[in-house]
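There are 2 protein chains.
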Amino acid sequence: MSQAESEAAFLARYDPADYARPAVAVDLVLLGLSGGRPTLLLLKRDRHPHAGRHALPGGFVGIDEALDDAAARVLREKAGGARAHLEQLYTFGAVERDPRMRIITVAYLALLTEAAFAEARARAPALIPGAVAASPAAEGSVTVHAADGAALPLAFDHAEIVALAIRRLRGKLDYSEVGFALLPELFTLRQLQDVHEAILGTGLNKPAFRRRMLDRGWLDPTGRFETGTSYRPAELYRLRQTSSQTPSQTSWQTPAQGD
Amino acid sequence: MSQAESEAAFLARYDPADYARPAVAVDLVLLGLSGGRPTLLLLKRDRHPHAGRHALPGGFVGIDEALDDAAARVLREKAGGARAHLEQLYTFGAVERDPRMRIITVAYLALLTEAAFAEARARAPALIPGAVAASPAAEGSVTVHAADGAALPLAFDHAEIVALAIRRLRGKLDYSEVGFALLPELFTLRQLQDVHEAILGTGLNKPAFRRRMLDRGWLDPTGRFETGTSYRPAELYRLRQTSSQTPSQTSWQTPAQGD
DNA sequence: GCAATAGTGTCTTTTAGACAGTATCAG
DNA sequence: CTGATACTGTCTAAAAGACACTATTGC
Chain A
1 MSQAESEAAF LARYDPADYA RPAVAVDLVL LGLSGGRPTL LLLKRDRHPH
51 AGRHALPGGF VGIDEALDDA AARVLREKAG GARAHLEQLY TFGAVERDPR
101 MRIITVAYLA LLTEAAFAEA RARAPALIPG AVAASPAAEG SVTVHAADGA
151 ALPLAFDHAE IVALAIRRLR GKLDYSEVGF ALLPELFTLR QLQDVHEAIL
201 GTGLNKPAFR RRMLDRGWLD PTGRFETGTS YRPAELYRLR QTSSQTPSQT
251 SWQTPAQGD
Chain B
1 MSQAESEAAF LARYDPADYA RPAVAVDLVL LGLSGGRPTL LLLKRDRHPH
51 AGRHALPGGF VGIDEALDDA AARVLREKAG GARAHLEQLY TFGAVERDPR
101 MRIITVAYLA LLTEAAFAEA RARAPALIPG AVAASPAAEG SVTVHAADGA
151 ALPLAFDHAE IVALAIRRLR GKLDYSEVGF ALLPELFTLR QLQDVHEAIL
201 GTGLNKPAFR RRMLDRGWLD PTGRFETGTS YRPAELYRLR QTSSQTPSQT
251 SWQTPAQGD
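The listed protein sequences derive, respectively, from chains A and B. Sequential numbering of the first sequence, starting at 1, is according to UniProt numbering. Sequential numbering of the second sequence, starting at 1, is according to UniProt numbering.
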């Protein structure tokens with residue numbers, strides 16, 4: 001406890017380390033569901049390196065900008081302000097992952113509802129949809145395909161980032177409320193099951209799925225029903241608002257436990 | 001596809017962005033089990049800021065050093081080379097988390113066997129053990145206590161980092177092989193159950209635990225038995241070596257899925 | 001009425017908890 | 001023998017899968 005000087009005096013004298021620093025970026029895995037498949041929104045690179053390949057939208061982190069704020073800003077800038085559920089995924093820091101310079105990137109998962117997905121496409125026409133194909137077992141890698149079926153090769157280590165995003169989503173889907181980030185405010189149980197099946201890449205047992213979801217206590221029936229169907233309309237549910245959460249912070253926005 | 005110049009020419013001309021960059025560090029949650037409780041190894045800060053508080057060992061990431069390598073180096077430098085299972089946790093990037101300057105820190109979980117824990121304490125006497133108390137429900141925060149029971153306040157946002165480490169460990173414990181990182185090569189089923197109970201903070205049903213672990217197919221019975229007991233000796237097991245893994249990369253060392 | 005999908009009832013299978021029992025050591 | 005702990009058998013309870021059944025819409 002031999003602190004002769006005050007904290008203020010120390011801070012005034014403190015000389016920021018002047019070693020060379022890596023650049024820090026955030027990259028967004030913009031993910032929605034399109035045609036029953038998980039689908040990314042990618043930017044085609046027209047410059048070196050990896051010109052012609054497709055990349056995750058990203059940007060550098062400002063010196064006075066929190067990581068989460070940088071992710072939100074990149075979402076605004078690159079996806080035309082479409083709303084998305086943002087969640088930090090993992091930080092990639094291999095030395096040669098970008099040949100231009102040392103860039104450490106913090107990958108974020110950005111989940112888009114169908115409406116937000118369409119809005120992003122409309123406001124940011126440069127974004128190219130790429131359907132993600134991943135085996136249901138999902139230990140490993142993924143492939144991405146354009147609308148016409150052509151393979152979309154990803155730039156840098158972005159295929160690895162996307163593979164991790166899918167693994168994480170699958171891992172949290174059943175025990176967390178993250179799946180609701182892909183649905184509108186009102187949804188039917190069938191839509192919820194469709195989301196789970198699309199992410200997992202497998203079919204699910206209908207009665208068991210309904211029982212599980214209803215027993216979780218996450219759902220509030222609205223008493224309203226879908227319209228415009230030519231068959232029996234399904235009841236509309238909404239995600240129950242859990243208390244002890246700020247309006248801007250819902251429970252599926254906390255850092256992963258499982259993972 | 002209008003690329004007149006070669007990639008090499010482009011790279012030679014590339015001017016690294018010269019905006020101010022945050023510093024990037026790694027911090028280690030050095031965690032072992034001591035007296036049946038999860039226990040951290042901490043460094044007492046003798047300088048501003050947060051002088052007198054206890055902090056996670058950490059260090060800056062070198063410009064030519066991968067993140068995982070930086071974590072391994074800090075482990076060597078600060079824990080006297082004790083072996084540990086290293087796994088990236090989360091990246092903390094609030095602007096004011098360090099009053100000296102903007103530091104983004106990538107937190108790593110470093111799990112120590114009992115032997116490695118003792119070795120680290122012997123070779124790095126500055127490391128102070130702090131027992132972690134976390135409610136079994138574990139939504140939230142943790143407290144850390146010295147051997148004499150006094151509370152150890154943590155510096156910076158390190159309490160938040162430790163809380164996340166415990167949540168993640170608890171989340172992965174049952175479905176991953178991460179728990180074995182806290183055990184020696186040969187161990188009894190009771191030791192394995194003790195590890196799970198210490199991490200979860202709850203008691204577990206013995207027959208069900210044995211069934212689950214044996215049904216997982218992770219364990220290889222050795223036919224050998226513990227010695228020196230005054231009661232019936234238990235059989236020793238070892239973690240089954242799964243194929244398709246390099247010797248230095250076992251299955252519980254891959255990025256988290258659950259979380 | 002038919003076609004299509006929503007939603008439920010129930011049987012079976014699997015998995016976990018509870019708890020008592022036997023087995024094997026030191027002394 | 002006792003005491004302590006390893007290990008197992010078995011009953012019960014809870015959860016999940018399978019599958020058929022009823023309900024409600026448009027036409």
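Ideal Cβ positions, reconstructed from N, Cα and C, are used throughout, including at glycine.
Using beta-carbon distances, Glu119 of chain A does not count as an interface residue toward chain B, since no partner is under 9 Å. If one requires a minimum length of 4 residues, no alpha helix (DSSP H) run lies completely within the segment 164-193 of chain A. Inside the segment 109-148 of chain B, DSSP marks whole alpha helix (DSSP H) runs of 4 or more residues at positions 114-123, from first to last along the chain. Shown here, Val162 of chain B sits in a helix according to DSSP, grouped into three states. Proximity to Val29 of chain B across B:Val132, B:Leu67 and B:Ala165 peaks at B:Ala165, based on C-alpha coordinates.
What Ile63 of chain A touches in chain B, judged by beta-carbon distance under 8 Å, is Tyr19, Ala20, Arg21, Pro22 and Arg102, going in chain order.
At a C-beta separation below 7 Å, Ala94 of chain B has these neighbours in chain A: Ala66. At a cut-off of 9 Å, the C-beta of Gln88 of chain B has a neighbouring C-beta in chain A. Interface residue (Cβ-Cβ distance to chain B less than 9 Å): Ala198 of chain A is not classified as such. Within 9 Å of the CB of Phe180 of chain A, no CB atom of chain B is found; the nearest one sits about 18 Å away. Interface residue (Cβ-Cβ distance to chain B less than 9 Å): Phe60 of chain A is classified as such. Pairing Leu31 of chain A with Leu154 of chain A gives a Cβ-Cβ distance that is not under 9 Å. For the C-beta of Thr242 of chain A, not a single chain B residue is nearer than 7 Å; the gap to the nearest is close to 11 Å.
Under a criterion of Cβ atoms nearer than 7 Å, the residues of chain B adjacent to Thr91 of chain A are, in order, Leu67, Gln88, Thr91 and Val106. Beta-carbon to beta-carbon, Val142 of chain A and Ala159 of chain A are separated by about 7 Å, close enough to satisfy the 8 Å threshold.
Cα atoms of Glu139 of chain A and Arg47 of chain B: separation of roughly 46 Å, rounded to the nearest angstrom. Around the Cβ of Leu214 of chain A, a 10 Å sphere holds fewer than 16 other Cβ atoms; the residue is exposed. Under the criterion of beta carbons closer than 8 Å, Pro129 of chain A and Ala147 of chain A qualify as touching, at roughly 6 Å. Under the three-state reduction of DSSP output, Arg210 of chain A falls in the helix class.
Judged by DSSP in its simplified three-state form, Glu87 of chain A adopts strand. Looking at A:Gly201, A:Ala23 and A:Gly81, the one whose alpha-carbon comes closest to that of Ala133 of chain A is A:Gly201. Note on Ala137 of chain B: under 16 other CB atoms within 10 angstroms of its CB, so exposed under the neighbour-count rule.
By the CB criterion at 9 Å, Ile161 of chain B and Leu89 of chain B fall inside the cutoff. Taking the Cα positions, Thr105 of chain B is about 13 Å away from Ala25 of chain A.
Excluding five sequence positions before and after Ala71 of chain A, the CB atoms of its chain that fall closer than 6 Å to its own CB belong to Val26, Leu86 and Tyr108, given in chain order.
Ala198 of chain A carries a helical assignment under DSSP once its states are collapsed to helix, strand and coil.
When the alpha-carbon of Arg210 of chain A is set against those of A:Ala115, A:Thr113 and A:Arg190, the nearest one is in A:Arg190. Residue-level contact by beta carbon holds for Ala70 of chain A and chain B, with a gap shorter than 9 Å. With a cutoff of 9 Å on beta-carbon distance, Asp220 of chain B and Leu192 of chain B are scored as not near each other. Secondary structure at Asp157 of chain B: coil, using DSSP grouped into helix, strand and coil. Between Arg232 of chain B and Asp194 of chain B, the alpha-carbon positions lie close to 18 Å from each other. Inclusion of Glu197 of chain B and Leu204 of chain B in the CB contact set at 9 Å is warranted, their separation being smaller than that value. With 16 or more other Cβ atoms from the protein chains shown falling within 10 Å of its own Cβ, Arg168 of chain A counts as buried. Within the model, the alpha-carbon separation for Glu114 of chain B versus Gly179 of chain B is close to 13 Å. Apart from the 5 residues on each side of it in sequence, Val74 of chain B sits with its Cβ closer than 7 Å to the Cβ of Val26, Leu28, Pro57, Gly58 and Gly59 in its chain, given in chain order.
Here Arg21 of chain B is buried: its Cβ has 16 or more other Cβ atoms, across all protein chains shown, within 10 Å.
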